[in-house]
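Taking it in order: structure first as structure tokens, then the write-up.
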Amino acid sequence: MYWGESKEMKQLRALIGKVAATDANVLITGENGTGKEVLAREIHLLSGRREREMVAVDMGAIAEPLFESELFGHVKGAFTDAYADRAGKFETADKSTLFLDEIGNLPCHLQAKLLTAIQRRSVVRVGSNTPVPVDIRLICATNRNLQEMVDRKEFREDLLYRINTIHVELPPLRRRKEDIVPLARLFAARFCKQYGKEPVEFTRDAEEKLEAYPCTATSANWSTPSKRR
Numbered sequence: 066m067y068w069g070e071s072k073e074m075k076q077l078r079a080l081i082g083k084v085a086a087t088d089a090n091v092l093i094t095g096e097n098g099t100g101k102e103v104l105a106r107e108i109h110l111l112s113g114r115r116e117r118e119m120v121a122v123d124m125g126a127i128a129e130p131l132f133e134s135e136l137f138g139h140v141k142g143a144f145t146d147a148y149a150d151r152a153g154k155f156e157t158a159d160k161s162t163l164f165l166d167e168i169g170n171l172p173c174h175l176q177a178k179l180l181t182a183i184q185r186r187s188v189v190r191v192g193s194n195t196p197v198p199v200d201i202r203l204i205c206a207t208n209r210n211l212q213e214m215v216d217r218k219e220f221r222e223d224l225l226y227r228i229n230t231i232h233v234e235l236p237p238l239r240r241r242k243e244d245i246v247p248l249a250r251l252f253a254a255r256f257c258k259q260y261g262k263e264p265v266e267f268t269r270d271a272e273e274k275l276e277a278y279p280c281t282a283t284s285a286n287w288s289t290p291s292k293r294r
């Protein structure tokens, strides 16, 4: 992960080292494209669970009818297409880290099911009554203000309490202008290597244009202008 030279990112790097040394649940907040999953993987790789691969789940991409099956698994015959037993994401992440992206997109009635699994540290596969213990480190991420959602009764306060043991905010580029040019150089070097091109150098004029790029830009969409230059 590129940490940058800004004060914000130096502080974040110091914090992540401390966070990774614990097994506490983490909530990462930040705008789209700021690199929340990348940061989650960095925490995992610095943690004592790094020997097993982190399991990532996009909560906004799971259809509601499949929520329990995807996260908790199912047994053979539990529903029409359940031709065999299948472990869910919680079991797959046993002894590792489970990353739940866009946790704020989860409907309230499904939040209760997630909370139960977190509290009990076990899951029950669809079609079964037998709890399966799971040992996971939970990292959640969102681009939404969950406290405001709690105030509007759109997010469970008890679930927020469980997932927000440690809060990490990932700042957007507009709050760390000094990272723009180094980040652009990094992307350019990656693309040159990927496409077999000679390394490029940025002129001062190019750097000034990069620094003037719209403040809505994030680390993710910054790769596009870097690729074009």
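The numbering used here puts the first residue of the sequence shown at 66, with every later residue one more than the last. Each residue gets a CB set at the ideal place from its N, CA and C atoms; glycine is no exception. Keep in mind the model is a prediction, meaning the values are calculated, not measured.
Would you list the one or two residues that DSSP bridges to residue i?
| i | result |
| --- | --- |
| Asp123 | Asp166 |
| Val188 | Val197 |
| Cys257 | Note: Cys257 sits in no beta bridge, so no partner. |
| Leu92 | Cys205, His232 |
| His109 | In the DSSP output, where bridge partners are listed per residue, His109 has none listed. |
| Arg302 | Within the shown structure, residues of the chain are numbered from 66 to 294, placing residue 302 beyond reach of any answer. |
| Ser161 | Ile201 |
What do you get for residue i, buried or exposed, if any count of 16 or more other CB atoms within 10 angstroms of its CB means buried?
| i | result |
| --- | --- |
| Arg114 | buried |
| Arg106 | buried |
| Asp123 | exposed |
| Val233 | buried |
| Phe144 | exposed |
| Lys75 | exposed |
Between residue i and residue j, what straight-line distance do the alpha-carbon atoms span, to the nearest angstrom?
| i | j | result |
| --- | --- | --- |
| Trp287 | Ala249 | Since pLDDT at Trp287 reaches only 49, below the 50 mark, its modelled position is unreliable, and no value is offered. |
| Ala282 | Thr195 | Any reading at Ala282 needs caution, since the residue's pLDDT is 47, under 50, leaving its predicted position unreliable; the model's value is listed next. Using only the alpha carbons, I get a separation of about 48 Å. |
| Tyr278 | Asp166 | 28 Å |
| His139 | Glu219 | 28 Å |
| Arg294 | Arg239 | Interpretation of Arg294 is limited by its pLDDT of 48, a score under 50 that renders its predicted location unreliable; the figure taken from the coordinates is listed afterwards. Answer to the nearest angstrom: the Cα atoms are 21 Å apart. |
| Arg227 | Ala182 | 11 Å |
| Asp150 | Asp200 | 20 Å |
| Ala253 | Lys178 | 44 Å |
| Pro290 | Ala206 | Summary for Pro290: the model assigns pLDDT 49, below 50, so the residue's position carries little reliability; its value from the coordinates is reported in the next sentence. Roughly 26 Å separates the two Cα atoms. |
| Ala85 | Asp216 | 30 Å |
| Asn229 | Ile93 | 9 Å |
| Ala271 | Ile231 | 39 Å |
| Gly69 | Val103 | 14 Å |
| Leu136 | Ala128 | 12 Å |
| Arg269 | Lys83 | 38 Å |
| Pro264 | Glu243 | 22 Å |
| Lys101 | Phe267 | 28 Å |
| Ile81 | Ser112 | 10 Å |
| Ala126 | Ala79 | 32 Å |
| Lys262 | Phe256 | 8 Å |
Flag this pair as yes or no: are the beta carbons of residue i and residue j separated by less than 7 Å?
| i | j | result |
| --- | --- | --- |
| Thr99 | Pro237 | yes |
| Gly95 | Leu203 | no |
| Ser71 | Arg241 | yes |
| Ala147 | Lys154 | no |
| Gln176 | Leu224 | yes |
| Thr157 | His109 | no |
| Phe164 | Met119 | yes |
| Lys160 | Arg117 | yes |
| Glu273 | Ile245 | no |
Measuring only from the beta carbon, is residue i closer than 6 Å to any heavy atom that is part of the ligand NAP?
| i | result |
| --- | --- |
| Cys205 | For the ligand NAP, the structure offers nothing, since it holds no ligand at all. |
Can we say the segment 161-176 touches the segment 184-191, given the rule of at least three CB pairs closer than 8 Å? No, the segment 161-176 is not in contact with the segment 184-191.
Counting beta carbon pairs with one atom in the segment 131-151 and one in the segment 87-99, are three or more of them shorter than 8 Å?
Output reads no: the segment 131-151 does not touch the segment 87-99.
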